[in-house]
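**Q**
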Amino acid sequence: MKFTLLLLVIPCLQISASIKGQNVTLSLKNGSLKEILQQINEQTGYDFFFSDSFLKKAGKVTLELKDVPLEEALNQCFRNLSVDYEITENSIVLKHKKAKPEEKEI
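Each residue of the sequence shown is one higher than the one before, starting from 1 at the first, in the numbering used here.
1) Are there 16 or more other CB atoms within 10 angstroms of the CB of F78, so buried, or fewer, so exposed?
2) For the candidate residues K56, K57, N90 and S53, whose alpha-carbon lies nearest to that of E42?
3) Following a CB-centred definition, is S32 positioned closer than 7 Å to any heavy atom of the ligand SAM?
4) Contact defined as beta carbons within less than 8 Å: I believe L55 pairs with L28. What is the distance between those atoms, to the nearest angstrom?
5) Leaving aside the five residues before and after Y46 along the sequence, list all residues of the same chain whose C-beta is less than 8 Å from its C-beta, in chain order.
6) By how many angstroms is the C-alpha of K57 removed from the C-alpha of S51?
7) When the Cα atoms are used, what is the spatial distance from N80 to S32?
8) Suppose you measure from the CA of L74 to the CA of K97; what does that come to, to the nearest Å?
9) Would you report the Cα separation of T44 and E72, rounded to the nearest angstrom?
Written out as structure tokens, the structure reads:
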């Protein structure tokens, strides 16, 4: 019985590790955010959901990343933008980063 359970659990762990282990290589000079998102989609299979305002506000982007984890690539893409993201299953939802409340001095 334990052996059967082990045989059922191992494939699940491998699938989970492959999702977390998605690596991305990006090389773009003065490109658009749309181009970066397309490259990430092609390399990982993750679909992006966002409003058009993200693309309009982004401007030109220069990135040089080699074999980095997906989350690090996304952090580098959005480091100068007020963009936050959420990864769910095979999708990445982009949203406006919420402003942090200012701390009041006492």
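We put the beta carbon where it would ideally sit given N, CA and C, even for glycine.
**A** Let me spell this out:
1) buried
2) N90
3) Although the ligand SAM was asked about, the structure shown includes no ligands whatsoever.
4) Contact flag wrong, Cβ pair sits at about 15 Å.
5) Q22, I40, L70, I87, N90, S91 and I92
6) 11 Å
7) 14 Å
8) 14 Å
9) 14 Å
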